[in-house]
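Residue numbers (our numbering), protein chains in the order written: chain A, 1 to 446; chain B, 1 to 446.
We put the CB at the ideal spot given by N, CA and C, even for glycine.
Model, not experiment: these values are computed from the prediction.
This is the structure:
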């Protein structure tokens with residue numbers, strides 16, 4: 001039953017063009033399972049696998065794929081083959097897919113839609129990229145406060161096929177302003193003739209213009225199955241479902257995690273990705289790092305004279321750059337995460353700096369004492385003093401820079417995760433070395 | 001409406017002991033929102049805030065807190081004050097909380113339970129820590145294939161108050177073996193007199209002994225609202241709800257992410273955590289790193305003679321350790337993630353090694369050519385050769401070690417994330433330097 005084993009057999013079957021074996025694996029699967037398997041395959045084998053699905057199953061599986069996988073599949077299969085699949089997508093999933101497609105392909109797909117579907121898609125596309133409005137479902141069931149539980153249940157029965165979320169029903173007033181939410185569970189358990197107003201709960205909702213990522217984090221974190229979305233006048237305009245929220249959070253975290261590890265995220269499953277795909281996901285970052293690391297070579301050249309007089313100083317370079325790089329990336333990943341969940345914002349720069357300076361000083365003091373002792377015992381008192389002082393300064397500098405960098409990135413609208421580990425550690429290497437040699441020159445008088 | 005603003009006001013109110021202001025923020029909130037706010041506060045202020053809640057709300061909020069936050073709260077409030085809250089917890093949440101508590105406190109809490117609740121808790125506690133069985137809900141509604149939709153809906157109405165998941169109903173045969181699942185949506189939309197067997201879908205299920213983390217990833221990834229859990233005979237024993245799955249995935253990812261950034265996860269919100277708490281979450285790791293970085297000082301000492309003859313070699317140390325450390329952590333974070341989602345297992349060690357050697361060689365060749373050129377232009381041909389060869393070797397070594405280390409960690413039952421970035425980069429620093437000076441000695445003949 002292991003998912004890894006199934007994936008392996010499917011990949012082997014497709015690699016050997018054993019379509020009967022591949023079909024016998026894919027056809028009995030639930031659409032979500034089949035979609036999850038296909039997503040992990042290399043693009044070529046994925047499209048072969050997709051063609052093996054029965055018509056109905058193919059539509060459901062396409063629906064369950066990530067937007068970027070859908071885009072690659074459209075590229076492999078051609079627009080006409082997927083027109084039917086495109087038609088059954090939810091408006092918000094369609095908008096996400098359109099964002100991934102070249103404009104010409106997107107236009108053709110929109111042209112082929114029914115007028116009604118085209119209009120719903122236009123509602124979602126009307127909100128800016130990255131906003132909640134862009135990811136919400138514009139089709140939903142709502143209730144008025146004086147509707148009875150039975151009426152609302154009937155409405156769920158009648159329209160349950162069209163809308164995506166039926167487990168949370170928003171309750172609104174006559175001008176569509178959001179009053180509360182009632183869960184399907186409460187509707188079922190309530191007296192059928194009772195009005196829903198009194199059983200409605202205070203809503204956890206979002207504004208359509210809010211940023212999608214922190215809102216989705218909130219939805220997932222609270223485990224609520226759907227979040228009403230309102231406009232500036234608090235009028236209900238859509239619903240963010242837990243499904244979509246999970247997708248937003250997951251893809252954002254994958255990207256953050258990969259970038260914190262100086263990679264781009266891999267689209268395929270690791271074992272089935274080509275050497276080329278893996279190398280590509282890593283080499284760009286490594287080049288950026290290597291080019292900036294050449295800076296440190298230049299920095300050191302300035303101090304070549306100092307080094308020649310005191311070769312022992314060279315021995316501590318990896319220790320000091322290690323401490324600086326790690327302190328910086330500790331601070332950067334903490335603040336990047338806090339930004340992602342909306343705990344801090346760029347306007348908190350002073351508070352973050354104040355915190356990180358104190359944390360850096362505390363850690364620097366603790367490590368500096370150890371460094372001082374080790375260097376003193378191994379060499380001489382002056383070298384110990386240089387190392388101790390450098391560690392305190394480097395920790396403070398690295399923590400502060402590391403903490404502020406994600407806020408700067410956010411302000412200039414760059415993904416904060418990009419500035420995390422790789423960038424910070426290289427920056428702290430170069431700056432740390434300058435501090436080191438300046439302290440060394442001052443203390444040793446060379 | 002910003003959550004960050006609400007959090008700030010609440011923290012300020014509690015800090016200034018302005019309990020009226022704090023109450024006016026907390027009392028109107030939905031339990032999930034209040035729980036999320038309290039989780040982000042420092043423990044002392046959190047318990048003051050918790051005491052402000054009305055009895056009913058306090059129970060619901062306690063229910064929504066993470067197990068570790070609950071444990072801290074019990075510590076602050078005392079066992080008797082929380083006995084009522086403990087009683088209303090779901091059996092699986094109770095098991096998770098018991099894992100966090102000292103044995104004496106746990107025993108007392110269990111003693112105070114009703115016999116029925118104690119029995120349900122015992123079912124969950126019977127499965128090993130970290131298994132799906134430990135996190136599933138042992139209370140659920142099930143249906144037989146020949147039950148009509150109306151019968152099942154009545155059962156949902158009758159027992160909906162007791163069980164956690166009503167949106168997915170497992171369908172079983174007479175010996176309780178799992179046949180399929182039917183969603184509440186389908187039940188509502190179906191002909192009331194039709195049997196549920198034909199509308200049931202193939203189930204996405206888990207075994208109670210499966211590891212909780214990959215199973216939860218699967219549940220969240222597929223966006224299914226509840227996953228039936230079966231024993232070795234495929235008999236239904238419980239249900240893993242999406243709520244619980246999200247909690248498992250989130251806390252596992254928080255830990256992974258923090259450890260990849262050489263930290264322990266922070267329990268409180270960043271801005272409201274004390275300098276001490278932040279320092280503590282980072283300093284242990286930094287000490288481990290510093291102690292291992294002292295190793296690199298020792299490694300370099302062996303080559304002090306070589307360095308004295310060719311000081312230029314020292315200039316490239318940060319560049320080379322940077323490339324080694326980053327290549328290693330790229331590989332390590334990729335494989336750690338693949339392990340977490342179940343894409344690879346320790347038995348794939350040879351395939352992983354084969355992949356990483358090739359990826360490392362490819363990247364090393366690309367970067368090595370650049371390094372060779374830069375060093376040749378800046379110094380001399382021989383130095384260029386040393387740098388180029390070292391980059392190729394270090395990349396290959398670092399990618400292979402980085403890729404294998406998480407598999408080793410998994411095999412010896414250590415969290416693979418612990419071995420990621422911090423450990424790998426220090427290991428690669430030391431090994432990379434040895435390679436560097438050995439190549440330098442050979443090429444330069446010193």
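If you measure between the beta carbons of residue i and residue j, is that distance less than 8 Å?
i	j	result
residue 172 of chain B	residue 182 of chain B	no
residue 320 of chain A	residue 390 of chain A	yes
residue 329 of chain B	residue 343 of chain A	no
residue 356 of chain A	residue 403 of chain A	yes
residue 352 of chain B	residue 335 of chain B	yes
residue 443 of chain A	residue 385 of chain A	yes
residue 337 of chain A	residue 257 of chain B	yes
residue 165 of chain A	residue 80 of chain A	no
residue 14 of chain A	residue 48 of chain A	yes
residue 235 of chain B	residue 176 of chain B	yes
residue 137 of chain A	residue 76 of chain A	no
residue 363 of chain B	residue 395 of chain B	yes
residue 41 of chain A	residue 272 of chain A	yes
residue 435 of chain B	residue 393 of chain B	yes
So, with DSSP's three-state summary, where would you put residue i?
i	result
residue 54 of chain A	coil
residue 198 of chain B	helix
residue 439 of chain A	helix
residue 127 of chain A	coil
residue 235 of chain A	strand
residue 1 of chain A	Here the model assigns residue 1 of chain A a pLDDT of 43, short of 50, so the residue's position is not dependable, and the following value carries that caveat. Correct three-state label for residue 1 of chain A: coil.
residue 207 of chain B	strand
residue 165 of chain B	coil
residue 137 of chain A	strand
residue 143 of chain A	strand
residue 240 of chain B	strand
residue 266 of chain A	coil
I believe residue i touches residue j by the beta-carbon criterion, under 8 Å. Please report the beta-carbon distance rounded to the nearest angstrom.
i	j	result
residue 78 of chain A	residue 140 of chain A	With a Cβ gap of about 33 Å, residue 78 of chain A and residue 140 of chain A do not count as contacting.
residue 169 of chain B	residue 142 of chain B	7 Å
residue 195 of chain B	residue 147 of chain B	7 Å
residue 426 of chain B	residue 371 of chain A	Wrong, their Cβ atoms sit about 15 Å apart, outside the cutoff.
residue 255 of chain A	residue 208 of chain A	No, residue 255 of chain A and residue 208 of chain A are not in contact; Cβ-Cβ is about 23 Å, not under 8 Å.
residue 430 of chain A	residue 296 of chain A	5 Å
residue 293 of chain B	residue 318 of chain A	6 Å
residue 113 of chain A	residue 87 of chain A	6 Å
residue 230 of chain A	residue 179 of chain A	Actually they are not in contact, since the Cβ atoms of residue 230 of chain A and residue 179 of chain A sit about 11 Å apart, beyond 8 Å.
residue 61 of chain B	residue 31 of chain B	5 Å
What span of residues does the beta strand (DSSP E) with residue i cover, start to end?
i	result
residue 227 of chain A	226-230
residue 179 of chain A	178-183
residue 172 of chain A	168-172
Starting from residue i, trace the alpha helix (DSSP H) both ways and give me its first and last residue.
i	result
residue 396 of chain A	381-411
residue 104 of chain A	103-111
residue 90 of chain A	First-last for residue 90 of chain A: undefined, no H or E at that position.
residue 23 of chain A	19-26
residue 304 of chain B	304-309
residue 316 of chain A	Taken as a continuous stretch (DSSP letters only), residue 316 of chain A belongs to no alpha helix (DSSP H), as it is neither H nor E.
residue 39 of chain A	31-39
residue 346 of chain B	Segment: none, residue 346 of chain B is in no alpha helix (DSSP H) and carries neither H nor E.
residue 73 of chain A	67-77
residue 149 of chain A	149-159
Does the stretch 105-113 of chain B come close enough to the stretch 198-216 of chain B that 3 or more CB-CB pairs lie under 8 Å? no
Under 8 Å, with one C-beta from each stretch per pair, do the stretch 85-99 of chain A and the stretch 116-132 of chain A reach the 3-pair mark? yes
Would you check if there are 3 or more beta carbon pairs closer than 8 Å linking the stretch 43-54 of chain A to the stretch 18-30 of chain A? yes
contact_flag[the stretch 274-285 of chain B, the stretch 3-19 of chain B] where n(CB pairs < 8 Å) is 3 or more: no
The stretch 219-226 of chain A / the stretch 238-250 of chain A touching (three or more Cβ pairs under 8 Å): yes
Chain E contacts made by the stretch 353-370 of chain A, where a contact means CB separation under 8 Å: Among the chains of the structure shown, chain E does not appear; the protein chains present are A and B.
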